[in-house]
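Visitor: In the working numbering, the protein residues as written are 545 to 906.
For glycine and all other residues, C-beta sits at the position ideal for the given N, C-alpha and C.
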Ligand code: GTP
Ligand code: MG
């Protein structure tokens with residue numbers, strides 16, 4: 545604690561007053577006392593790291609355009625997440641893709657009619673709580689809106705609370721889908737009461753959390769849910785600059801026997817193109833092919849759009865950042881730099897407070 549450290553400094557004859565900077569040697573001394581390993585950062589590398597976290601630069605600000613929202617569905621086991629996703633997919637996939645829905649990629653785009661026009665939104669299929677937690681722990685923020693599914697015949701359960709905690713910690717708006725209202729014993733009112741008692745006050749009761757009563761199985765009120773999503777998205781003013789080299793986040797990756805390393809990216813800014821050179825976590829490579837959510841080859845992918853990428857040197861991790869760079873040599877160098885930074889982060893994480901959190905287990 546702060547008090548302990550102050551006490552230690554006093555005991556060494558250092559009398560810190562108010563806000564004070566400790567010099568390098570003092571930091572090392574304190575760290576030795578608490579058995580924390582110190583790694584001296586190279587200022588250039590630190591700046592690199594800081595830049596990585598910055599999504600927009602000056603050039604972007606003049607060119608920002610609307611981008612589709614990225615939505616994660618969470619909730620307790622068997623409360624109907626997959627059924628909801630399936631229903632949304634089947635009824636809302638673009639007509640040209642109907643029938644051709646494939647399972648390849650854990651993220652997909654759905655078109656929702658808003659004011660007579662079709663607007664895209666992107667649903668993430670894979671992030672269960674662990675993946676969400678792991679990505680968040682690694683600083684990746686891809687989700688714009690969290691939908692938490694609660695079964696009306698079951699109410700708040702442990703994983704519901706977990707989902708709420710994740711969404712709150714990530715600072716993303718929450719929409720509650722009260723599901724299974726077609727079932728005997730469904731009691732949406734009780735669910736709303738339970739939710740208010742954990743601080744999620746329904747809009748209908750004067751609070752700020754939209755709650756939509758649905759039946760994922762029967763397809764009831766799914767339109768209302770989609771409309772609510774688009775309203776919440778609108779308030780967020782989601783924007784990106786499609787007119788630049790892409791950067792974004794890996795949402796899943798693995799090894800395919802035939803195709804080699806396959807990774808699913810979500811572009812956060814810019815446009816990713818076939819032939820681009822990317823660095824991605826500790827991996828790098830030239831994008832040999834891009835596939836959209838229906839498994840079709842595409843030439844590019846703009847902001848919020850999930851694509852599967854082949855051509856990487858290794859398997860990145862969910863939550864790794866990717867960015868397009870000028871040449872394969874730069875990519876290799878950056879990948880090595882990242883590997884080193886990650887090693888250091890891991891060492892300092894180990895030497896940290898030692899607490900085991902949900903995210904560190906994920
Ligand atoms: P996990 O992936 O295991 O966490 O479960 P899930 O949340 O994805 O639930 P899933 O969609 O697999 O649904 C669980 C069961 O509930 C299935 O038997 C569904 O058919 C059923 N179910 C889902 N939604 C509804 C609904 O609106 N009404 C009724 N009656 N049953 C539903
Ligand atoms: Mg499921």
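Identify the continuous alpha helix (DSSP H) that holds residue 606 and give its terminal residues.
Guide: Unbroken run through residue 606: none, as it is neither H nor E.
Visitor: Could you work out which residue in 695, 709, 651, 666 is closest to residue 726 when comparing CA atoms only?
Guide: Looking at the Cα atoms, 695 is the closest of the given residues.
Visitor: So, helix, strand or coil for residue 626, using DSSP?
Guide: Residue state, collapsed to three classes: helix.
Visitor: Would the beta-carbon of residue 625 be found less than 7 Å away from any heavy atom of ligand 2?
Guide: It does: the Cβ of residue 625 is within 7 Å (strictly closer) of some heavy atom of ligand 2.
Visitor: To which residues of the same chain is residue 787 closer than 7 Å at the C-beta, ignoring the five residues directly before and after it?
Guide: Result list for residue 787: 607, in chain order.
Visitor: From the DSSP secondary-structure annotation, give me the bridge partner or partners of residue 509.
Guide: Missing from the structure shown is residue 509; the chain here goes from 545 to 906 and no further.
Visitor: Quick check: what's the CA-CA separation for residue 844 versus residue 834?
Guide: Computed Cα separation, rounded: 7 Å.
Visitor: Cα separation between residue 581 and residue 891?
Guide: Spanning the two alpha carbons is a distance of roughly 8 Å.
Visitor: What residues match up with residue 815 in a beta bridge as DSSP calls it?
Guide: Answer is 789, bridged to residue 815.
Visitor: So, with DSSP's three-state summary, where would you put residue 799?
Guide: In the structure shown, residue 799 sits in a strand (DSSP, three-state: E or B).
Visitor: Measuring alpha carbon to alpha carbon, tell me which residue in 569, 715, 559, 828 is nearest residue 937.
Guide: This structure leaves residue 937 out entirely; the chain is present only between 545 and 906.
Visitor: Are the beta-carbon atoms belonging to residue 700 and residue 754 less than 8 Å from one another?
Guide: Going by C-beta atoms, residue 700 is not nearer than 8 Å to residue 754.
Visitor: Taking CB distances under 8 Å as the criterion, tell me whether residue 664 reaches chain C.
Guide: Although the question refers to chain C, the structure presented lacks it and comprises just one protein chain.
Visitor: Apart from the five residues on each side of it in sequence, which residues of its chain come closer than 6 Å, Cβ to Cβ, to residue 625?
Guide: Within the same chain, residue 625 has close Cβ partners 617, 619, 693.
Visitor: Tell me which residues share the same chain as residue 615 and place their Cβ nearer than 8 Å to its Cβ, disregarding the 5 neighbours each side in the sequence.
Guide: For residue 615, where only same-chain residues beyond five positions count, the Cβ hits under 8 Å are 665, 666, 667, 668, 687, 688, 689, 690, 691, 773.
Visitor: What does the Cβ neighbour count give for residue 576, buried or exposed, with the cut at 16 atoms within 10 Å?
Guide: The residue in question, residue 576, is exposed, as its Cβ has fewer than 16 Cβ neighbours within 10 Å.
Visitor: Among the residues of its own chain, which have a CB less than 8 Å from the CB of residue 603, if the five just before and after it don't count?
Guide: These residues qualify, in order along the chain: 785, 788.
Visitor: Hey, quick one: how far does the alpha helix (DSSP H) through residue 766 stretch, first residue to last?
Guide: 766-780 is the span of the alpha helix (DSSP H), which, as asked, contains residue 766.
Visitor: Quick check on DSSP: helix, strand or coil for residue 731?
Guide: In the structure shown, residue 731 sits in coil (DSSP, three-state: anything other than H, G, I, E or B).
Visitor: Compute the beta-carbon to beta-carbon distance between residue 811 and residue 846, rounded to the nearest angstrom, for a pair I have assumed lies under 8 Å.
Guide: The Cβ separation is near 6 Å, so the contact holds.
Visitor: Just list the alpha helix (DSSP H) runs in the stretch 696-732, keeping only unbroken ones of 4 residues or longer that don't cross its boundaries, in chain order.
Guide: Runs found: 702-714.
Visitor: Considering only their Cβ atoms, is the gap separating residue 746 from residue 740 smaller than 8 Å?
Guide: Yes, these two residues count as a Cβ contact at 8 Å.
Visitor: Can you look up residue 564 in the DSSP assignment and give me helix, strand or coil?
Guide: In the structure shown, residue 564 sits in coil (DSSP, three-state: anything other than H, G, I, E or B).
Visitor: Rounded to whole angstroms, what's the CA-CA distance from residue 545 to residue 552? Just pull it up for me.
Guide: Cα-Cα distance, rounded: 11 Å.
Visitor: Along the chain, where does the beta strand (DSSP E) that runs through residue 856 open and close?
Guide: Looking at the DSSP string, the run of the beta strand (DSSP E) that includes residue 856 is 850-856.
Visitor: Residue 829 lies in the beta strand (DSSP E); which residues open and close that run?
Guide: Its beta strand (DSSP E) spans residues 827-835.
Visitor: What would DSSP say about residue 571, mapped onto helix, strand or coil?
Guide: Helix at residue 571.
Visitor: Looking at ligand 1, does it come within less than 7 Å of residue 726, judged from the CB to the closest heavy atom?
Guide: It does: the Cβ of residue 726 is within 7 Å (strictly closer) of some heavy atom of ligand 1.
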